[in-house]
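Everything below concerns the one structure shown next.
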Amino acid sequence: MRYIDHGNGGPPNVMKLAEGPKPSLRPGEVLIEVQYAGVNRPDVLQRSGAYPPPPGASPVLGLEVAGRIVETAPDVTEWKVGDAVCALTPGGGYAEFCATPAVHCLPIPKGLSAKEAASLPENWFTVYDNVMTRGRLKAGETILIHGGSGGIGYSAIQLAKVLGGATVYTTVGSAEKAEFCRKMGADVALNYKDEDWAAEVSKLTGKRGVDVVLDMVGGDYVMRNIRALALEGRLVQIAFLKENKIADFDALPIMIKRLTFTGSTLRPRTVEQKAAIAKPLRSHVWPLFESGQLKTFVYKTFPLAEARAAHELMESSQHIGKIMLAVRGD
Numbered sequence: 063m064r065y066i067d068h069g070n071g072g073p074p075n076v077m078k079l080a081e082g083p084k085p086s087l088r089p090g091e092v093l094i095e096v097q098y099a100g101v102n103r104p105d106v107l108q109r110s111g112a113y114p115p116p117p118g119a120s121p122v123l124g125l126e127v128a129g130r131i132v133e134t135a136p137d138v139t140e141w142k143v144g145d146a147v148c149a150l151t152p153g154g155g156y157a158e159f160c161a162t163p164a165v166h167c168l169p170i171p172k173g174l175s176a177k178e179a180a181s182l183p184e185n186w187f188t189v190y191d192n193v194m195t196r197g198r199l200k201a202g203e204t205i206l207i208h209g210g211s212g213g214i215g216y217s218a219i220q221l222a223k224v225l226g227g228a229t230v231y232t233t234v235g236s237a238e239k240a241e242f243c244r245k246m247g248a249d250v251a252l253n254y255k256d257e258d259w260a261a262e263v264s265k266l267t268g269k270r271g272v273d274v275v276l277d278m279v280g281g282d283y284v285m286r287n288i289r290a291l292a293l294e295g296r297l298v299q300i301a302f303l304k305e306n307k308i309a310d311f312d313a314l315p316i317m318i319k320r321l322t323f324t325g326s327t328l329r330p331r332t333v334e335q336k337a338a339i340a341k342p343l344r345s346h347v348w349p350l351f352e353s354g355q356l357k358t359f360v361y362k363t364f365p366l367a368e369a370r371a372a373h374e375l376m377e378s379s380q381h382i383g384k385i386m387l388a389v390r391g392d
C-alpha cells in the first residue's frame with residue numbers, strides 16, 4: 063500500500079509518499095480501505111517529533127478515516143466486509159489501508175459523503191467527551207470556546223448549542239472566522255486580535271462569568287480563563303498552542319470560586335475508554351447529522367501525496383474548518 067512516511071520527524075517537507083505492507087489485524091480489529099483521512103493538529107505535533115504515538119500504535123500519521131471494511135478479525139461480529147464506515151484510529155490514517163478497533167467505527171451518517179464522514183471522528187470524540195462528560199455542560203449554561211473556527215471549535219459550538227442548549231461565546235482571529243462561527247451557532251464571536259475577550263465575556267455575563275471554558279491555547283490564557291469562570295465553573299484543557307507551564311499561576315481563584323480545572327488527551331486512552339465515547343456519539347450525535355441539525359465543513363482537500371501542503375496550511379491557521387486528504391477519493 064501507499065502511505066505517508068515522515069521519517070524521524072521534522073518540518074512538513076520530511077513527509078513523502080512511500081510503499082509498504084498492509085497492516086495485520088489484531089483481535090477485535092477491522093481493516094479499512096481508506097477513501098479520506100482527516101488532518102489534525104496532533105498529526106502536526108507527531109510529525110514534528112513532539113507527540114510520539116502510544117505503545118503498539120501505528121507510527122503512520124492519521125487519527126480519523128472513512129472508507130470500506132475489507133477484512134475483519136475472526137472475533138469481530140458487529141461489522142462485515144463491504145460496510146462503509148468512518149473511524150477513530152490509533153494511527154495509520156495517511157495510508158491506503160488502516161487497521162483500527164471495530165468498536166471505534168461508526169456508520170457514515172445518512173446524507174453525508176465519505177469525505178464529510180472522515181472529518182468527524184477525531185473532533186467529535188474529543189468534543190463530546192470534554193464538553194459533555196468532563197465539562198458537564200447543562201442546558202441554560204454558558205460556555206466559552208477558544209479557537210471557534212477550527213475543527214474542534216466549530217464542532218464544540220454546535221454540540222454546546224444543539225445538544226447542550228447553552229449560550230455560546232467563542233474567540234477567533236478574524237472577521238471572516240467570526241462570521242463562520244456565528245453561522246455555526248455561536249451567540250457571540252470575539253476577535254482576540256481586536257478586543258480583550260476576557261473583559262467582553264465579563265461584560266456579556268454581567269460579571270458573573272461562564273460555566274465552562276474549552277481551551278486549547280494555554281499559556282497566558284490559563285489564568286484569564288480561570289478568572290472568566292463563574293462559581294462552580296469548569297475549565298477543560300485539551301491542548302497547548304502556547305506553553306503548558308504557567309509562570310504566574312494562582313490557585314486561589316480555584317478555591318474561592320470552587321472551580322474544576324480538568325483536561326484530557328484522547329489518543330493514549332484504552333480501546334474500551336474510546337469505545338465508551340463512541341456509544342453516545344452513535345445514539346445521540348449521529349442522528350443530528352442525519353437530520354441536518356449538525357454540520358461539518360471541509361475547507362480544503364489535498365491528494366495524499368500532498369500531505370506536506372496540508373500540514374503547511376494547518377500550521378498557518380489560515381483555514382476555517384477541516385483539512386482533508388483524499389486517499390482514494392476526488
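Mapped onto the numbering used here, the consecutive letters of the sequence shown carry residue numbers 63 to 392.
C-beta atoms are modelled at their ideal positions from N, C-alpha and C, and glycine is treated no differently.
### Task
Out of M285, R198, A290, state which residue places its alpha-carbon closest to the alpha-carbon of V272.
By one-based count along the sequence shown, residue 272 stands at place 210. Closest by alpha carbon: A290.
### Message
I need the DSSP call for I382, collapsed to helix, strand or coil.
### Response
Taking the sequence shown and counting its residues from 1, one reaches residue 382 at position 320. If DSSP states are grouped into helix, strand and coil, I382 belongs with coil.
### Task
Can you tell me the Cβ-Cβ gap for A99 and A180, rounded? I've got them flagged as a contact below 8 Å.
By 1-based counting over the sequence shown, the position of residue 99 is 37. By 1-based counting over the sequence shown, the position of residue 180 is 118. Indeed, because the Cβ distance is near 6 Å, the residues count as touching under 8 Å.
### Message
Is any non-hydrogen atom of the ligand FMN found closer than 8 Å to the C-beta of G212, if you look at the structure I gave you?
### Response
The model depicted lacks the ligand FMN and carries no ligand whatsoever.
### Query
Starting from T188 and walking both ways along the alpha helix (DSSP H), at which residues does that stretch end?
Position 126 of the sequence shown, counting from 1, holds the residue named residue 188. Unbroken alpha helix (DSSP H) run through T188: 183-189.
### Query
Cα-Cα, which of Y254, V106, G281, A292 is closest to G268?
The residue given as residue 268 occupies position 206 in the sequence shown. Considering only alpha carbons, the answer is A292.
### Message
Per DSSP, what are the beta-bridge partners of T327 in this structure?
### Response
Here residue 327 refers to the residue found at position 265 when the sequence shown is read from its first residue. Bridge partners of T327: none, in fact.
### Query
How about V193 and L276: are their beta carbons less than 9 Å apart?
By one-based count along the sequence shown, residue 193 stands at place 131. By one-based count along the sequence shown, residue 276 stands at place 214. Yes; because the gap between Cβ atoms is below 9 Å, this pair is in contact.
#### Entry: P169 to E140 span [Cα, whole Å]
Stepping through the sequence shown from its first residue, residue 169 is reached at position 107. Stepping through the sequence shown from its first residue, residue 140 is reached at position 78. When rounded, the distance between both Cα atoms is 11 Å.
### Task
Any chance you could list the alpha helix (DSSP H) runs of at least 4 consecutive residues sitting entirely within the segment 215-287, in chain order?
237-245, 259-266
### Task
Assign E91 to buried or exposed, taking buried as 16 or more other Cβ atoms, counted over all protein chains shown, within 10 Å of its Cβ.
Counted from its first residue, the sequence shown places residue 91 at position 29. Counting Cβ neighbours within 10 Å, E91 comes out buried, since at least 16 surround it.
### Task
Less than 8 Å between the CB atoms is what I'm expecting for L150 and T162, so what's the real figure, rounded?
Along the sequence shown, one-based indexing puts residue 150 at 88. Along the sequence shown, one-based indexing puts residue 162 at 100. 7 Å between Cβ atoms; contact.
### Message
Distance check for K78 and M63, CA to CA, integer angstroms please.
### Response
Position 1 of the sequence shown, counted from the start, is the residue given in the question as residue 63. Position 16 of the sequence shown, counted from the start, is the residue given in the question as residue 78. Going by the C-alpha atoms only, they are around 14 Å apart.
### Message
For V389, report the span of its alpha helix (DSSP H) as first-last.
### Response
Here residue 389 corresponds to residue number 327 of the sequence shown, with the count starting at 1. Neither: V389 is in no alpha helix (DSSP H) and is coded neither H nor E.
### Query
Where do the N-terminal and C-terminal ends of the alpha helix (DSSP H) with Q335 fall, by residue?
Counting from 1 along the sequence shown, the entry for residue 335 is found at position 273. Where Q335 is concerned, the enclosing alpha helix (DSSP H) stretches over 333-342.
### Message
Does the structure place the segment 350-362 close enough to the segment 373-386 that three or more beta carbon pairs sit under 8 Å?
### Response
yes
### Task
List the endpoints of the continuous beta strand (DSSP E) containing D310.
Position 248 of the sequence shown, counted from the first residue, corresponds to residue 310. Run containing D310: none; DSSP gives neither H nor E here.
### Query
Based on the DSSP output, what are the partners of P365 in its beta bridges?
Here residue 365 is taken as the residue at index 303 of the sequence shown, counted from 1. For P365, which the question treats as bridged, DSSP gives the partners A388.
### Message
Please classify D105 as buried or exposed, where buried requires at least 16 neighbouring CB atoms within 10 angstroms.
### Response
Along the sequence shown, read from residue 1 onward, the residue named residue 105 stands at position 43. D105 should be labelled buried.
### Query
Are V76 and G69 close, meaning C-beta to C-beta below 9 Å?
Numbered from its first residue, the sequence shown carries residue 76 at position 14. Numbered from its first residue, the sequence shown carries residue 69 at position 7. The answer is yes: Cβ separation under 9 Å.
### Proximity winner among P121, R109, E126, relative to I94 (alpha-carbon distances)
The sequence position of residue 94 within the sequence shown is 32, counting from 1. The residue with the shortest Cα to Cα distance from I94 is E126.
### Query
Of all the CB atoms in chain C, is at least one closer than 9 Å to the CB of A180?
Absence of chain C from the displayed structure is noted, only one protein chain being present.
### Message
Taking the straight line between their C-alpha atoms, what separation do you get for G124 and I318?
### Response
In the sequence shown, the residue the question calls residue 124 occupies position 62. In the sequence shown, the residue the question calls residue 318 occupies position 256. Rounded to the nearest whole angstrom, the C-alpha separation of G124 and I318 is 42 Å.
#### Entry: Bounding residues of the beta strand (DSSP E) (the contiguous stretch that carries R109)
Position 47 of the sequence shown holds residue 109. That residue, R109, is in no beta strand (DSSP E); its alpha helix (DSSP H) goes 103-110.
### Message
Can you look up I318 in the DSSP assignment and give me helix, strand or coil?
### Response
Taking the sequence shown and counting its residues from 1, the one referred to as residue 318 is at position 256. Helix, per DSSP.
### Message
Comparing C-alpha positions only, which one of Y156, P349, P85, T232 sits nearest to R390?
### Response
Residue 390 sits at position 328 when you count from the first residue of the sequence shown. Ranking Y156, P349, P85, T232 by Cα distance to R390 puts Y156 first.
### Task
With a 10 Å radius around its C-beta and 16 neighbouring C-beta atoms as the bar for buried, classify A176 as buried or exposed.
As a first step, residue 176 must be located in the sequence shown, where it is residue number 114. Counting Cβ neighbours within 10 Å, A176 comes out buried, since at least 16 surround it.
### Message
If you measure between the beta carbons of A89 and F159, is that distance less than 9 Å?
### Response
To locate residue 89, count along the sequence shown from 1; it is residue 27. To locate residue 159, count along the sequence shown from 1; it is residue 97. Reading off the sequence shown, one finds Pro at residue 89, where the question assumed Ala. No, Cβ-Cβ distance for P89 and F159 is not below 9 Å.
### K78 - containing beta strand (DSSP E), residue span
Within the sequence shown, numbered from 1, the residue matching residue 78 stands at position 16. Where K78 is concerned, the enclosing beta strand (DSSP E) stretches over 78-81.
### Task
Could you please give the first and the last residue of the uninterrupted alpha helix (DSSP H) stretch that includes A176?
In the sequence shown, counting from the first residue as 1, residue 176 sits at position 114. That run of the alpha helix (DSSP H) goes 176-180.
### Message
Using only the alpha-carbon positions, how far apart do M386 and E184 sit?
### Response
Stepping through the sequence shown from its first residue, residue 386 is reached at position 324. Stepping through the sequence shown from its first residue, residue 184 is reached at position 122. For M386 and E184, the distance between alpha carbons rounds to 12 Å.
### 8 Å contact criterion, which I219 and V230 should meet: CB distance rounded
Along the sequence shown, one-based indexing puts residue 219 at 157. Along the sequence shown, one-based indexing puts residue 230 at 168. Right, the Cβ-Cβ distance comes to about 5 Å (below 8 Å), so this counts as a contact.
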